[in-house]
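A.B. asks:
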Amino acid sequence: MSLSRAFSVAGCSNLVTSLWKAEDNATAYISGRFYAHLRNGAPYAVALQQAKLDLLRDRRQVQFHSPQYWSNLVFVGSPPHRQ
């Protein structure tokens, strides 16, 4: 059982969770970009993907380009169906 399952049972249909202990600065950067992409209309999974790509493209964040800093964040849930 994982924490994401507990959230699901409690009624949360979508969440972004970490598979291991996260680095605060990289996670804050990705979170900020994730919400920016959501505000622009991206679906959850796409917003997370784009936020990670933003991190990898940002030369000011080069210290976090290694997968250990960004690959821990995953989308869990049921994305809404779009027509």
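With this note's numbering as the guide, the letters of the sequence shown map in order to residues 116 to 198. Quick reminder that beta carbons are idealized off the backbone N, C-alpha and C, glycines included. Owing to the predicted nature of the structure, the values given are computational and were not obtained by experimental measurement.
Just how far apart, CA to CA, sit Leu134 and Arg175?
C.D. replies: When rounded, the distance between both Cα atoms is 25 Å.
A.B. asks: Counting only the same chain and skipping the five closest in sequence on each side, list residues whose C-beta sits under 8 Å from that of Thr142.
C.D. replies: Same-chain partners within the cutoff: Ser133, Leu188.
A.B. asks: Determine the direct distance from the alpha carbon of Ala125 to that of Pro158, and round the result to whole angstroms.
C.D. replies: Cα to Cα, the separation comes out at about 22 Å.
A.B. asks: So, for Ile145: in the same chain, excluding its five sequence neighbours on each side, which residues have a beta-carbon less than 7 Å away from its beta-carbon?
C.D. replies: These residues qualify, in order along the chain: Ala166, Lys167, Leu170, Trp185, Leu188.
A.B. asks: So Phe190 packs on Leu163, CB below 8 Å; how close in whole Å?
C.D. replies: The Cβ separation is near 5 Å, so the contact holds.
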